[in-house]
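Residue numbers (the working numbering): 105 to 309. Backbone N, C-alpha and C define an ideal beta-carbon position, used for all residues, glycine too.
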Ligand code: AMP
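Below, the structure written as structure tokens:
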């Protein structure tokens with residue numbers, strides 16, 4: 105059995121913990137769209153849209169984009185061109201204000217999260233991954249200075265969300281220091297225990 109309308113998952117983790125990798129794998133497993141606010145913002149910037157021009161500098165510096173802009177962008181993605189019932193969200197909410205606005209909207213639309221996955225990775229391992237990623241990602245915000253800032257934003261703004269979701273009984277702590285398939289399996293096991301079953305078999309490791 106899975107949640108009515110499908111699984112609605114959130115990946116909550118510091119930069120470099122594997123949100124996009126596991127977001128993509130979970131989206132495949134649950135046949136749900138992977139919605140990454142970082143990717144949506146980068147697409148707006150690449151397209152030179154009005155939103156893109158407003159957020160370009162902030163994203164390049166690793167600073168958070170204003171809450172109202174991100175909330176509006178996510179709501180649009182969840183409702184247009186067709187309403188989405190299941191999803192794997194990565195990178196939103198990232199502040200308590202976003203979590204509260206998102207929760208109010210999702211409650212009204214029957215779209216609150218089924219589970220929030222906190223990917224835990226030791227800070228030394230995150231720093232090691234960040235250095236490797238800066239060399240290959242091609243992302244303008246993947247460099248040592250912005251990584252430090254994004255980590256600081258995470259600690260200050262995003263970590264408090266753990267308590268918000270823990271209080272709602274949907275927070276799942278995942279040890280994400282290991283390899284990709286090992287972590288993916290650990291996530292599936294934890295979700296299975298909550299009654300959230302993938303609709304597609306896992307890819308062979
Ligand atoms: P990410 O790809 O998730 O690491 O996001 C890249 C950048 O996009 C972040 O460093 C922020 O500048 C911006 N961003 C993504 N999601 C959010 C959000 N929910 N709130 C504010 N800024 C965001």
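Cβ shell of residue i (< 6 Å), same chain only, five flanking positions each side left out
i	result
residue 173	none
residue 106	Since pLDDT at residue 106 reaches only 46, below the 50 mark, its modelled position is unreliable, and no value is offered.
residue 192	113, 127, 130, 131, 136, 138
residue 214	none
residue 142	195
Span separating the alpha-carbon of residue i from that of residue j
i	j	result
residue 216	residue 272	11 Å
residue 269	residue 258	16 Å
residue 232	residue 207	34 Å
residue 150	residue 245	14 Å
residue 267	residue 116	12 Å
residue 148	residue 255	23 Å
residue 169	residue 160	9 Å
residue 288	residue 188	23 Å
residue 241	residue 211	36 Å
residue 303	residue 218	15 Å
residue 152	residue 237	25 Å
Contact check, residue i vs residue j, beta carbons under 8 Å
i	j	result
residue 297	residue 278	no
residue 200	residue 265	yes
residue 133	residue 292	yes
residue 234	residue 209	no
residue 225	residue 294	no
residue 155	residue 175	no
residue 280	residue 230	no
residue 198	residue 263	no
Beta-carbon proximity list for residue i, same chain, < 8 Å, skipping 5 on both sides
i	result
residue 253	165, 166, 167
residue 171	199, 201, 202, 205
Own chain residues within Cβ distance below 7 Å of residue i, not counting five before or after
i	result
residue 190	109, 110, 111, 112, 134, 136
residue 124	140, 194
Point to revise | Those runs of the beta strand (DSSP E) which lie wholly inside the stretch 205-232 and span at least 3 residues | key: 219-224
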